[in-house]
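In the working numbering, the protein residues as written are 53 to 870. All residues carry an ideal CB built from backbone N, CA and C; glycine is no exception.
See the structure below:
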């Protein structure tokens, strides 16, 4: 900052002295000018004029000259004394001005330090303040790195053409580098005078470097560029010693202050409740999280006894446990309850630690807690979900197993009931899963209304439910099962304006009567439920010992059936002819699978196909049947025999398999059969009842490929005329239960006549199956039944036997044969 010097003010002479000086000057001037005036006027100067002028000058001028000489000497002496006093005053004022600048700069640096800036900001703004508040031209702060012997410039303020660096620049040579090297090695201030550019008016400048403090990367050094005259000022050195010390102290505390501030912010922003207690368990400070959890403002918490925040009944025990742990281990960890001001309890989990060694020497405790209320509620929900069904709220399979295990250990008599909703898949397929879920919820509500408090109701999964009744005997268990069948079946369920009729099958097993292990009881009730399903559903079945034997037989049959699928000579196809009722002409055959069991002999499809369906082997068996029939048709085709049409039974699973038409076409292609129309398919009427789009698409593709569709066992199950009216079938078979009661049962006869009339009206061929005597045959002939099938015509036979049976009379038609 440039310095200005005050100008000296001359001292004024007294007025009498000026008057005398003027009069003397006038007299002397008149005496000197008078001869010249006389000469100009007269042309000559007499001697008397010279004499008179000389006398006057001598008498008047010499005293006046002496007087004025004395006066000049005195005035010069006065001026010298005045200048000396002025210079002393200027020097004092300049010193005071410098001191003011120095103290102002020191104060500005202290104010900067009071703001607690980070280290880079402290260095940068300190340089700016020194340039602005002192005569310094430029200021730098750099870090001397002794390992690499270089100076890294970190902060710059001001500019000078002699020394110009930028922040981040690395200095490795020059006077700046040499000066920093001396300070970095000796840790003492150092100066260096610079040679200016050839400007005679420029003042001499110097560099001064001061050590600040060691930093992370080396020694921090303050370097300034200033006029050299200030280096002789002791106050300047005192100033920079003080400023260097202040900056060094602030820099050393920057990290500590930053850590302290970060710690404070971390505590305040922590989601965990943090409380500091004194030795008497009074709250010294707390963070906002604790105020939020406790419901008490922070300012109201200070000075409060911590144990007053505990529930009244647990204060003594909790405080004792904490105190003992802190005395022994200096730390307590666990869970407790916080009593809020609204009288609610909040579960907390955390720790209390003892802290020693502060400035006062007193003991403090730091408590860190976390609100685990939501966590405990979540755990409760998880435990509930682990043992309860999410859809219905009933117990689930895990809860059933645990409950059963406990009752079995207690040797308590129990009844285990399994409940299965009949044809629930149809509800899901027809109405959607949302409706199905609401049906399951309604079923669960009805079950809960039936069971007692000491009985457990559960949903095992899907449409399966369970009830466990304690202290139950066979009679009470049967009554409960019958009650469940009754209540779940009526009244109907109303969902989204739709009335849905639901029935249920119930199975019962008893402990310890039927078994003493959970696995055995579960197997028993599954077997009883399977029998309830096969016996017609909508009923309660109690487990009997023979069911276990039957199941074991089925298991053995399953094992043998798997082996049979890999052995060529056990499974075989039999064919039963369908002939014309008028002339006995062959109209077609039905292909029936048989199993020549090595121990049980020849088994019909009813004896092993249900087992194949239950264990998932039906698809393998269907593929085997299809390939076997196509091979036989190809043999007959090559031999020139007209087998007309051979019908293969189509299962419900195949009707729903959208890949089945393609697999049929591929199998025909492999067999080489040219008359693909010889292959027909028989379907059961429950396929029409399901009426799913997938099934209709499969049947439509098969029929479009030239295969006839025959509706088997019409009237046996849920026969409805409207199903038949919209079915895409080519023929139907009257169930043998009607045919075998002919001609004596008028109801059966009326039913047969109705079906025959319906077939004629719809253009559908009608086949009567199960014809076993001549009276039945004659009755069907008389009523116009076009086709017959049964033991009277022919029993199912092997392919070679059917070939021999196919006489010319059969091919051409002969009524006497039939």
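Alpha-carbon spacing of residue i relative to residue j, whole angstroms
i           : j           : result
residue 857 : residue 794 : 27 Å
residue 715 : residue 731 : 14 Å
residue 312 : residue 303 : 14 Å
residue 442 : residue 718 : 46 Å
residue 798 : residue 790 : 10 Å
residue 807 : residue 493 : 42 Å
residue 516 : residue 782 : 39 Å
residue 722 : residue 680 : 12 Å
residue 805 : residue 662 : 33 Å
residue 135 : residue 289 : 30 Å
residue 837 : residue 733 : 21 Å
residue 762 : residue 827 : 25 Å
residue 578 : residue 376 : 58 Å
residue 350 : residue 172 : 35 Å
residue 138 : residue 198 : 52 Å
residue 317 : residue 340 : 11 Å
residue 746 : residue 445 : 34 Å
residue 468 : residue 539 : 18 Å
residue 203 : residue 299 : 19 Å
residue 153 : residue 186 : 6 Å
residue 510 : residue 557 : 16 Å
residue 738 : residue 651 : 34 Å
residue 630 : residue 675 : 24 Å
residue 157 : residue 294 : 11 Å
residue 281 : residue 170 : 34 Å
residue 148 : residue 161 : 20 Å
residue 471 : residue 665 : 21 Å
Residue from the options whose Cα sits closest to the Cα of residue i
i           : options               : result
residue 615 : 602, 672 and 631      : 672
residue 621 : 386, 365 and 649      : 649
residue 592 : 603, 561, 395 and 800 : 561
residue 580 : 587, 590 and 594      : 594
residue 209 : 203, 193, 675 and 405 : 193
residue 284 : 296, 260 and 295      : 260
residue 850 : 809, 701 and 623      : 623
residue 832 : 498, 852 and 785      : 785
residue 417 : 834, 407, 231 and 425 : 407
residue 611 : 660, 637, 566 and 126 : 660
residue 634 : 167, 839 and 509      : 839
residue 853 : 564, 546 and 626      : 626
residue 735 : 750, 764 and 755      : 764
residue 263 : 196, 206, 287 and 227 : 196
residue 512 : 130, 818 and 439      : 439
Residue i classed as buried or exposed, judged by whether at least 16 other C-beta atoms fall within 10 angstroms
i           : result
residue 842 : buried
residue 550 : exposed
residue 759 : buried
residue 233 : buried
residue 363 : exposed
residue 684 : buried
residue 121 : exposed
residue 144 : exposed
residue 332 : exposed
residue 430 : exposed
residue 497 : exposed
residue 700 : buried
residue 427 : exposed
residue 788 : buried
residue 190 : buried
residue 381 : exposed
residue 297 : exposed
residue 576 : buried
- Given 8 Å as the limit, is there contact between the region 270 to 284 and the region 177 to 189, that is, 3 or more CB pairs closer than that? The answer is yes - the region 177 to 189 touches the region 270 to 284, with three or more Cβ pairs under 8 Å.
- Task: Flag this pair as touching only if the region 422 to 437 and the region 452 to 464 have three or more C-beta atom pairs under 8 Å; answer yes or no.
- Result: The region 422 to 437 vs the region 452 to 464: no contact.
- Message: Going residue by residue through the region 635 to 667, where are the continuous alpha helix (DSSP H) segments of at least 4 residues, counting only ones entirely within it?
- Response: Here the runs fully enclosed are 657 to 667.
- Message: Threshold first: 3 residues or longer. Then list the beta strand (DSSP E) segments lying entirely within the region 675 to 758, N to C.
- Response: Assignment of beta strand (DSSP E) within the region 675 to 758, counting only whole runs of 3 or more residues, yields 698 to 701 and 731 to 736 in chain order.
- Query: Is it a yes or a no for the region 459 to 475 touching the region 517 to 525, going by three-plus beta-carbon pairs under 8 Å?
  - Reply: yes
- Does the region 387 to 399 touch the region 351 to 371, meaning 3 or more C-beta pairs lie closer than 8 Å? yes
- Counting Cβ pairs closer than 8 Å, one from the region 595 to 609 and one from the region 683 to 702, do we hit at least three? no
- Which parts of the region 332 to 412 are runs of the alpha helix (DSSP H), unbroken and 4 residues or longer, counting only runs that do not cross its ends? Unbroken alpha helix (DSSP H) stretches of 4 residues or longer found wholly inside the region 332 to 412: 340 to 346, 350 to 353 and 367 to 381, given in chain order.
- Task: Return the chain-ordered ranges of every alpha helix (DSSP H) run that is complete within the region 498 to 524 and spans a minimum of 4 residues.
- Result: none
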